[in-house]
Ligand SMILES: [Zn+2]
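Numbering (the numbering used here), first residue to last: 649 to 1065.
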């Protein structure tokens, strides 16, 4: 359904009819912000639905007008849930269904299931995870059995406790990317992270275990934050789907809202957390190569691990503790032994976007859907938001890897209980 809202632009006074796709549950509010196609001002307001599904609009600044107030309305269309063409006079829902074609049904099903989980079961899952992180096993078991019913055993062992809560999270998040990339990355890393004696010797150490647990906490709380602000990035999912499936992107597609300031912080945090996960890949690779887990380069090796992308100005690290002191660019170079993960990382953390954000150089999003940067480079806002979806998949991957390392300790009889 589409609600027509008549007003004038607060910036240029042009009579404007907003066509707003309604995706608000009865009794709820749906904030919207629309950019004037003429003067780039933002028209903000919210849709309000009564319990009997009567929808009306409130504008923050502009006045509501009647349809008769002008004979010449400029039309701007918006939809809160997916990309749209602002100038369209058709239904954004029908348009996106056409664009997605055969993928429309799985797309709507996937986001529908994700949203249903996020609204209904998420608070329980979030609480369960807090008990998990606190190792409050009585409350955790109770909470999980509330979530899973018969799917939760009466006498869970530590492996199940580690495993099932992460499994729920994985089932919720990985289908958002139709490429199945998550599974390929997990395979690539897990093959390297086989529980060899070398790797197990390292991961069962109490300090290492508490680092994995701390990383799990930070990763989970970031994932929780992303789920709570899902309305900011989920509209870019069809863009990701079209790209993954090799379909054409409609010209003039825009995202609803304009949340660059919030998502910029999210992006940065996702990057920092991902860098904190890299030592886990390094110890896995060291062990797989037959070295002690904390040794990156041993004396007399015929082909020592010095990544080709490693900055020439720096000394390539020999140990994990030297690695941990490196800057992000130098650390990233060590993804070279994980080609699929490296490709996914480069896609998720595009250099141009990252530099612009790191230098507070990316200013604002304009009506063309570009992010303006001080260097005169325009970045696509749609691609920027899409990268948040890709980053979410990486956060999940790191979270599951930290879990794997904690499970190894349990299997070795050294997990905390
Ligand atoms: Zn205007």
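Even for Gly, the Cβ is constructed at its ideal location relative to N, Cα and C.
From a predicted model like this one, the values you see are computed outputs, not experimental measurements.
*What is the DSSP secondary structure of residue 767, reduced to helix, strand or coil?*
Here residue 767 is taken as the residue at index 119 of the chain shown, counted from 1. It is helical.
*Give the single residue among 959, 960 and 939 whose Cα lies nearest to the Cα of residue 950.*
Counting from one through the chain shown, the residue named residue 950 turns up at place 302. It is 939 whose Cα lies nearest to the Cα of residue 950.
*Given residue 1053, which residues of its chain have a CB within under 6 Å of its CB, disregarding the five upstream and five downstream residues?*
Locating residue 1053 in the chain shown gives position 405, counting from the first residue. Beyond the five residues adjoining it in sequence on each side, residue 1053 comes within less than 6 Å, by CB distance, of 851 and 860 in the same chain, given in chain order.
_Please determine whether the Cβ atom of residue 857 lies at a distance below 6 Å from any heavy atom of ligand 1._
Against the chain shown, residue 857 aligns to sequence position 209. When distances are taken from the beta-carbon of residue 857 to the heavy atoms of ligand 1, even the shortest one reaches 6 Å or more.
*Compute every distance between the C-beta of residue 757 and the non-hydrogen atoms of ligand 1, then say whether any falls below 6 Å.*
Here residue 757 refers to the residue found at position 109 of the chain shown. No; taking the cut-off as 6 Å, the Cβ of residue 757 has no heavy atom of ligand 1 nearer than that.
*Give the DSSP-derived three-state secondary structure of residue 812 in the structure shown.*
Here the question's residue 812 lines up with position 164 in the chain shown. Correct three-state label for residue 812: helix.
*Could you give the DSSP three-state label for residue 664: helix, strand or coil?*
As a first step, residue 664 must be located in the chain shown, where it is residue number 16. Residue 664 falls in the strand class under three-state DSSP.
*Where does residue 649 fall in DSSP's three states?*
Taking the chain shown and counting its residues from 1, the one referred to as residue 649 is at position 1. If DSSP states are grouped into helix, strand and coil, residue 649 belongs with coil.
*Do you know whose CA, among 953, 837 and 732, lies nearest residue 746's CA?*
On the chain shown, position 98 is the one that residue 746 refers to. In terms of CA proximity to residue 746, 732 leads the group 953, 837 and 732.
_Residue span of the alpha helix (DSSP H) that contains residue 1032, given as start and end_ = In the chain shown, counting from the first residue as 1, residue 1032 sits at position 384. Element bounds for residue 1032: 1029-1059.
*To the nearest angstrom, report how far apart residue 1036 and residue 858 are at their CA atoms.*
The count along the chain shown starts at 1 and reaches residue 1036 at position 388. The count along the chain shown starts at 1 and reaches residue 858 at position 210. One C-alpha to the other measures close to 28 Å.
_Quick check on residue 990: buried or exposed, where buried means 16 or more other Cβ atoms within 10 Å of its Cβ?_
Mapped onto the chain shown, residue 990 falls at position 342. Residue 990 counts as buried, since at least 16 other C-beta atoms from the protein chains shown sit within 10 angstroms of its C-beta.
*Out of 826, 1045 and 869, which has the shortest C-alpha to C-alpha gap to residue 756?*
Counted from its first residue, the chain shown places residue 756 at position 108. Ranked by Cα distance from residue 756, the options 826, 1045 and 869 are led by 826.
*Taking buried to mean at least 16 other C-beta atoms within 10 Å of its own C-beta, is residue 660 buried or exposed?*
Taking the chain shown and counting its residues from 1, the one referred to as residue 660 is at position 12. If you draw a 10 Å sphere on the C-beta of residue 660, you find fewer than 16 other C-beta atoms in it, and that means exposed.
*Between which two residues does the beta strand (DSSP E) containing residue 693 stretch?*
The residue you call residue 693 lines up with position 45 of the chain shown. Per DSSP, residue 693 belongs to the beta strand (DSSP E) from 690-697.
_Here's the rule I'm using: 16 or more other beta-carbon atoms within 10 Å means buried, otherwise exposed. How should residue 702 be labelled?_
Mapped onto the chain shown, residue 702 falls at position 54. Exposed.
*By a C-beta neighbour count over all protein chains shown, 10 Å radius and 16 as the cutoff for buried, is residue 846 buried or exposed?*
Numbered from its first residue, the chain shown carries residue 846 at position 198. By the beta-carbon neighbour count (other beta carbons within 10 angstroms, threshold 16), residue 846 is buried.
*asked:* Counting C-beta neighbours from all protein chains within 10 Å, is the total for residue 1048 16 or more, i.e. buried, or is it exposed?
replied: On the chain shown, position 400 is the one that residue 1048 refers to. By the neighbour-count criterion, in which 16 or more other beta carbons inside 10 Å mark a residue as buried, residue 1048 falls on the buried side.
*When every heavy atom of ligand 1 is checked, does at least one fall within less than 6 Å of the C-beta of residue 760?*
Here the question's residue 760 lines up with position 112 in the chain shown. In this structure, ligand 1 has no non-hydrogen atom nearer than 6 Å to the beta-carbon of residue 760.
*Does the Cβ of residue 705 have 16 or more other Cβ atoms within 10 Å, making it buried, or fewer, making it exposed?*
Locating residue 705 in the chain shown gives position 57, counting from the first residue. When all chains shown are included, residue 705 counts as buried.
*Any idea which residues DSSP pairs residue 713 with across the strands?*
Reading the chain shown from its first residue, position 65 is the one you call residue 713. As computed with DSSP, residue 713 is found in a beta bridge with 654.
*Please confirm whether residue 672 and residue 697 have their CB atoms less than 7 Å apart.*
Sequence index remark: in the chain shown, residue 672 carries index 24 (1-based). Sequence index remark: in the chain shown, residue 697 carries index 49 (1-based). Taking 7 Å as the cut-off, the beta carbon of residue 672 is found closer than this to the beta carbon of residue 697.
*Under 8 Å Cβ to Cβ from residue 972, same chain only, skipping five residues before and after it: list those, please.*
Within the chain shown, the letter at position 324 stands for residue 972. Here the set comprises 927.
*Kindly indicate which three-state DSSP category residue 678 falls into: helix, strand or coil?*
The residue given as residue 678 occupies position 30 in the chain shown. Strand at residue 678.
*Just to check, is the beta-carbon of residue 657 closer than 6 Å to a non-hydrogen atom of ligand 1?*
In the chain shown, residue 657 corresponds to position 9, counting from 1. Residue 657: yes, Cβ under 6 Å from ligand 1.
*Compare the C-alpha of residue 1060 against each of 1045, 854, 888 and 929 and name the closest.*
Here the question's residue 1060 lines up with position 412 in the chain shown. Relative to residue 1060, the option among 1045, 854, 888 and 929 whose CA is nearest is 854.
*Does the beta carbon of residue 923 fall short of 6 Å from some heavy atom of ligand 1?*
Position 275 of the chain shown holds residue 923. No, the Cβ of residue 923 stays beyond 6 Å of every heavy atom of ligand 1.
*Within the region 901-949, note down every full alpha helix (DSSP H) run reaching 4 residues or more, in order along the chain.*
Segments of the alpha helix (DSSP H) lying fully in the region 901-949: 908-936.
*Alpha carbon to alpha carbon, what distance is there between residue 680 and residue 874?*
Residue 874 sits at position 226 when you count from the first residue of the chain shown. Residue 680 sits at position 32 when you count from the first residue of the chain shown. Their backbone Cα atoms lie some 19 Å apart in a straight line.
_Residue from 658, 676, 674 and 700 whose Cα sits closest to the Cα of residue 682_ = For this step, residue 682 is matched to residue 34 along the chain shown. Scanning 658, 676, 674 and 700 for the CA closest to the CA of residue 682 turns up 658.
_I'd like to confirm something about residue 689: is its beta-carbon nearer than 6 Å to some heavy atom of ligand 1, or not?_
As a first step, residue 689 must be located in the chain shown, where it is residue number 41. With a cut-off of 6 Å, the C-beta of residue 689 is classified as near ligand 1, since at least one heavy atom of the ligand falls inside that distance.
*Count the other CB atoms, across all protein chains shown, that sit within 10 Å of the CB of residue 1007; report buried if there are 16 or more and exposed otherwise.*
The residue given as residue 1007 occupies position 359 in the chain shown. The residue in question, residue 1007, is exposed, as its Cβ has fewer than 16 Cβ neighbours within 10 Å.
*Look at the Cβ atom of residue 807, then the Cβ atom of residue 1043, and state whether they are nearer than 7 Å.*
The residue given as residue 807 occupies position 159 in the chain shown. The residue given as residue 1043 occupies position 395 in the chain shown. With contacts defined as CB atoms closer than 7 Å, residue 807 and residue 1043 fail to qualify as a contacting pair.
*asked:* Alpha carbons only, please: which of 823, 720 and 922 is nearest the one belonging to residue 886?
replied: As a position in the chain shown, residue 886 is number 238, starting the count at 1. Comparing C-alpha distances from residue 886 to each of 823, 720 and 922 shows the shortest one belongs to 823.
*Are residue 993 and residue 867 close, meaning C-beta to C-beta below 7 Å?*
Position 345 of the chain shown holds residue 993. Position 219 of the chain shown holds residue 867. Taking 7 Å as the Cβ cut-off, residue 993 and residue 867 do not qualify as a contacting pair.
*Counting along the chain, where does the alpha helix (DSSP H) carrying residue 722 start and finish?*
For this step, residue 722 is matched to residue 74 along the chain shown. Residue 722 -> not in any alpha helix (DSSP H); beta strand (DSSP E) instead, spanning 722-726.
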